[in-house]
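Here the structure is laid out as structure tokens; the discussion comes afterwards.
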Amino acid sequence: MSQSIPCRLRVASGISAHSRLALHVSATALAAALMLPGQAAFAQATPGTANANPTAPAQIDAVPTVAAPTLQPADAVPPAPQDDAAGGDEIVVTGIRAGLESSAKIKRQSVLIVDSISAEDVGKLPDVSIADSLARLPGVTAQRLEGRDQRLSIRGLGPDFSTTLLNGREQVTTGDNRGVEFDQYPSEFFKTVNVYKSADASLIAAGVAGTVDLRMLRPLDQAHRIIAVSARAQMNGIDKLNPDGDRYGYRASATYVDKFANDTLGIAIGVSATQTPSQDERYNAWGYSGAGTAASPFLLNGAKPYVQSNELKRYGGVATIEWQPSDSFHSTFDALYSHFEETQILRGIEFPLAGQLASAGTAGGTTATGVTVADGFATGATFGNVFAVQRNDYNQRKADNFSLGWNNDLKLTESVHLNVDASWSRAKRTDFLLETNTGTGFAKSGAADTVTVRQNGNGTYTFSPTLDYTNTNIFKLTDPQGWGNNGTQQVVQSGFLNRPSFKDDLKSLRASLNGEFSDSVVKGWEAGGNYSQRKKTSAYTSYFLCPTGGGTNCTVASGSPLSGNVPSEALLGKNVALDYLGIPQMLTLDPLYLYNNSLNAAFDGRPSALVRDNVVLEKVWTGYAKVTIDGLVGDKPLKGSIGAQVVHSDQSSTGQIASVVGGAVTIAPVTQSLKYTNFLPSATMSVELIPLGFVKVGASQTMVRPRLDQERVTQDVAINLTNIGQTPAGLFPVFTSTGGNVNLKPYQSTNIDLSFEKYFNGGGYVALSGYFKHLTDFVDPNNSLPYDFSALLPALTAAQQAQVIAAGQTIGNVSSPANTGRGEVLGVEGTVSLPFKAITSALDGFGIFASGNYTQSTIKYGSNPTDAITLPGLSKWTGSGTIYFEKWGFQARANYRYRSSFLAEVAGLSANPTYRTARSEGILDAQIGYEFQSGPLANFAILAQAKNLTDRPFVTYQNDDPRQVIDYQRYGRDYYVGITYKF
């Protein structure tokens, strides 16, 4: 439920806003932008859960048993339940079993529906990364990027629908939007990671899909001083694919935890460093032409096979200071810093094929002969007159992530507490994305190649060229396809450089009061408020690169050289092979040498480049109140909470509107804002129907904000002079515009959650959960609507204006995201965690953890209410199974996880996100280790791990036809050997 306040629109001084474009974007500003002289525009550089309370202990031993996330005094923690061990005897477990038991305890004691991952020991989550661990939880899946689990989906909803907290506080991201990139957090720093799947009024910034809360260790909860160090070596199963790459890496960490001043002051310090390599055999198809019949089979439009070598370097540190001088005051300060640097080296060849057939009207186009057809698909062909583009690319990303938080809890009376929490989270990222091109001549003027292609069983193609792609007498620094154009004239594009930068800053202040009632089933209350301000700045700078030697701005007309010789200094001495696709070798160059010595740079001033710069600012006031319930209903224990949030948002964006008029790029700054208020009620209950058997029910209204790039105000206006006077006007528009929409509101979801959970005295549990989400205000990213561009007619000549009016071409399309969608998500998930000692003591040490999930969705956009879309990240079927053994210091574990096909987000043209269907995949990981139990090596442990033992590739396809493979990326297996010593 929301209430809108009319938005405000401001543009450059002297420009009136008397009409609106699309969703309140000013047409007058657009017209003024078109009429301005061209100008350079450079980018500027609770008790009951492990809860959202930043002071809450990270491990379950200190989690109280009252309902819902809230702030409570430390002495409110009850003793551990007596059913933790069969017969009441104390059983001490460590390692895998300790992690599973801790996670089970969090789940059991929470009135919310939650799943958790707990560290097996200090600084040791059970997998290589946080995302790896989370992907084993029921209803949670991960999409692999560069071979690493990264893009999380919860209950079928992708990362745009969930939020990530650090110690209960919302975090910024080094990514382009809101979704946190889990690589930015070293897994060694976290004791517990909770995934909340139902809502609570005190859980600020909860997502529609769920909320991931990363929990750091709390020093005052540790019984003894801890000093732990670990080191691990890594090797890629695929040898390095580039001569300047590496297949070996390492990871090291150290942790120190201690208490002072009669255990009233505690500190925890952790440091981590990692260097992680990966190798990627990549294939990308340009799509397929044809009708899929014997007479008109699907033909490969083109392809670009690459070999890619990555190296991720990250170092970071955390520190926690916890002070509790008395039962009346508790203060905790957290700090986290992480520096992230990833380098990618990519080399490959782009082959334009059927997409440039001369028979289809392409000037200087290709020919196709010897076509073999099977079931309407061309399985082989020979293409002539092919002008390939060789690529030697270098990408580097650097990011810094800071997070500070200070929480103070003051006991005002015996039953009332005041809690104040302040936090600051900041991320800064810069990219250096360099492309370099070589070919036989400028704009198809050199030697043409003849390439024979044959389809492989996995959907890729083998390529057999006739030219020697290592011959520097044939291949030059040039623009082989003549693709370069700066918006007004042709340029020599021998390369391209993108240098985007992002800053994400979030400040938050929260205060709350909570207390207890005596002699009442209404056990407690809590009321509070939170103010946050988030500012995301996106700045882009890009350049055309052309051979040195003359001309200006790389334009052909100014005399820029059309090609340049490959300098011998740029040769690496060993040429890369693309033999996995039949190409024996390609020219292997140092792209940084070319950039620094052989190429000139010309600023990219196209309108589409200029309008990317933007700032999105969100100011959010949240007030909340709730009561907690703890009593008996018909002699059955009942716990729960009822509450609500009121969220007032003030969002705004600044940017610019750009176009080309009369050969000049014109721009105009623009600002727009919107205010609205949402009411979000929630209720959750847990009743223990039988001993250790719970039924949990939740009902709530939740929301999550749209992608930040969709909230930008920028617009890219295009005027197509060649369409003037042509009819029908709908097929030949003169005016179009594309951009964001500041008026976007959050996705809304009405949620019903139900869970049945049975826990066993000997350890383990079974759980069955169902969920239903009714989604409204769903954002359609491809929304478009007609708009009257008459205000832009003065940009045309009088004769052109007359033609446009006569042809009815003043109406054009505006593409801008809008809240037009609605629909439902329905699913069920089940979990079994069973130590086999519960069956027989003969199997003590063995156990399983398995989960499965089924989700279906029906989402429809207002522009197409009859056809349902596929939700990005949703796999109908997912499952994960872990079998383990741990005893006498030995531990072994194997995990297999599966997900059915899903809509994956991948990088499209110019690195813009696009969506394609990804094939189902199953990933097998395993580990084995031993920890010495006594003697001089006591507490010394060794560990061996292997990831992706199934060597499963990441594969996407189009048009619901698995034969039409678009992406095929093989990452290979990864192997790790590590040691740990705890003093």
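If you're matching positions, the sequence shown starts at 6 in our numbering and goes up one per residue. Using N, Cα and C, we set each Cβ at its ideal position, and we do this for glycine too.
Identify the continuous beta strand (DSSP E) that holds residue 144 and give its terminal residues.
-> Unbroken run through residue 144: none, as it is neither H nor E.
Opening and closing residue of the beta strand (DSSP E) in which residue 199 lies | Taken as a continuous stretch (DSSP letters only), the beta strand (DSSP E) holding residue 199 covers 195-201.
Just mark residue 347 as buried or exposed, buried being the case when its beta carbon has 16 or more other beta carbons within 10 Å.
-> By the neighbour-count criterion, in which 16 or more other beta carbons inside 10 Å mark a residue as buried, residue 347 falls on the buried side.
DSSP on residue 437, reduced to helix/strand/coil?
-> Note: residue 437 maps to strand in three-state DSSP.
Report the rounded CA-to-CA distance for residue 688 versus residue 647, giving the unit in angstroms.
-> Taking the straight line joining both Cα atoms gives about 4 Å.
Just grab the DSSP bridge partners of residue 626 for me.
-> In DSSP, residue 626 forms a bridge with 536, 653.
Contacting residues, own chain, Cβ-Cβ under 7 Å from residue 727 (five flanking each side not counted) = By the criterion of a C-beta distance shorter than 7 Å, residue 727 is surrounded by no residue of its chain, once the five residues flanking it on both sides are discounted.
Does the region 864-881 come within contact of the region 153-170, defined as at least 3 CB pairs closer than 8 Å?
-> Yes, they touch.
Can you tell me which of 925, 920, 934, 776 puts its alpha carbon nearest to the alpha carbon of residue 897?
-> Residue 934 is the option with its Cα nearest to residue 897.
Cross-strand partners of residue 407 (DSSP beta bridge) | 342, 431.
Does the separation of the CB atoms of residue 5 and residue 542 fall below 9 Å?
-> Coverage of the chain is limited to positions 6 through 988, which leaves residue 5 absent and any answer about it impossible.
With DSSP as the reference, label residue 529 as helix, strand or coil.
-> Under the three-state reduction of DSSP, residue 529 is assigned to strand.
With a cut-off of 8 Å on the beta carbons, I'd call residue 271 and residue 327 a contact; round off their distance for me.
-> Between residue 327 and residue 271 the Cβ distance is about 4 Å, and since that is below 8 Å, they are a contact.
What separation, rounded to the nearest whole angstrom, lies between the Cα atoms of residue 495 and residue 670?
-> The alpha-carbon atoms of residue 495 and residue 670 are separated by roughly 15 Å.
Going by beta carbon distance, what residues of the same chain come within less than 7 Å of residue 596, once the five residues before and after it are set aside?
-> Taken in chain order, the residues that qualify are 397, 398, 399, 439, 441.
When you compare only the Cα positions, how much space is there between residue 365 and residue 296?
-> Straight-line Cα distance between these residues: approximately 14 Å.
Report the residue ranges of all beta strand (DSSP E) runs contained in full by the region 451-512; include only those spanning at least 3 residues, in chain order.
-> Those beta strand (DSSP E) runs which fall completely within the region 451-512 and span 3+ residues are 454-460, 466-469, 481-483, 500-503.
Coarse secondary structure for residue 751, derived from DSSP in three states | In the structure shown, residue 751 sits in coil (DSSP, three-state: anything other than H, G, I, E or B).
Pull up the DSSP beta-bridge partners for residue 882, would you.
-> Here residue 882 is bridged, per DSSP, to 859.
Taking C-beta to C-beta, are residue 277 and residue 242 nearer than 9 Å?
-> Taking a C-beta distance under 9 Å as the contact criterion, residue 277 and residue 242 do not qualify as a contact pair.
Beta carbon of residue 690, beta carbon of residue 703: below 9 Å?
-> It is a contact, given that the beta carbons lie within the stated cut-off.
Spell out the partners DSSP gives residue 551 in its beta bridges.
-> 605, per the DSSP bridge assignment.
Member of 112, 105, 144 whose CA lies at the smallest distance from the CA of residue 860 | Nearest option by C-alpha distance: 144.
Report the option in 767, 617, 745, 807 whose CA atom is closest to the CA atom of residue 819.
-> Looking at the Cα atoms, 745 is the closest of the given residues.
In angstroms with no decimal places, state the Cα-to-Cα distance between residue 965 and residue 921.
-> Going by the C-alpha atoms only, they are around 9 Å apart.
Give me the Cα-Cα distance between residue 741 and residue 811, rounded to the nearest whole angstrom.
-> Answer to the nearest angstrom: the Cα atoms are 18 Å apart.
Are the CB atoms of residue 889 and residue 945 nearer to each other than 9 Å?
-> No, they are not a contact pair.
Quick one: give me the first and last residue of the beta strand (DSSP E) that residue 231 is part of.
-> Start and end: 231-241.
Please confirm whether residue 767 and residue 840 have their CB atoms less than 9 Å apart.
-> Going by C-beta atoms, residue 767 is nearer than 9 Å to residue 840.
Answer yes or no: do residue 625 and residue 537 have a C-beta to C-beta separation smaller than 9 Å?
-> Result yes, Cβ atoms of residue 625 and residue 537 sit closer than 9 Å.
Hey, residue 718 and residue 817 are a contact pair by Cβ (cut 8 Å); roughly how many whole angstroms apart?
-> With a Cβ gap of about 19 Å, residue 718 and residue 817 do not count as contacting.
Say whether chain B places a C-beta atom closer than 9 Å to the C-beta of residue 501.
-> You won't find chain B in this structure, because it holds only one protein chain.
Specify, as a first and last residue, the run of the beta strand (DSSP E) that residue 672 falls within.
-> Unbroken beta strand (DSSP E) run through residue 672: 669-695.
Local Cβ density within 10 Å of residue 938, reported as buried at 16 or more and exposed below that | The residue is exposed, with fewer than 16 neighbouring Cβ atoms inside 10 Å.
Out of 433, 437, 382, which has the shortest C-alpha to C-alpha gap to residue 405?
-> Among 433, 437, 382, the Cα nearest to that of residue 405 belongs to 433.
What three-state label does DSSP hand residue 5 in the structure shown?
-> As displayed, the chain neither begins before 6 nor continues past 988, which places residue 5 out of reach and without an answer.
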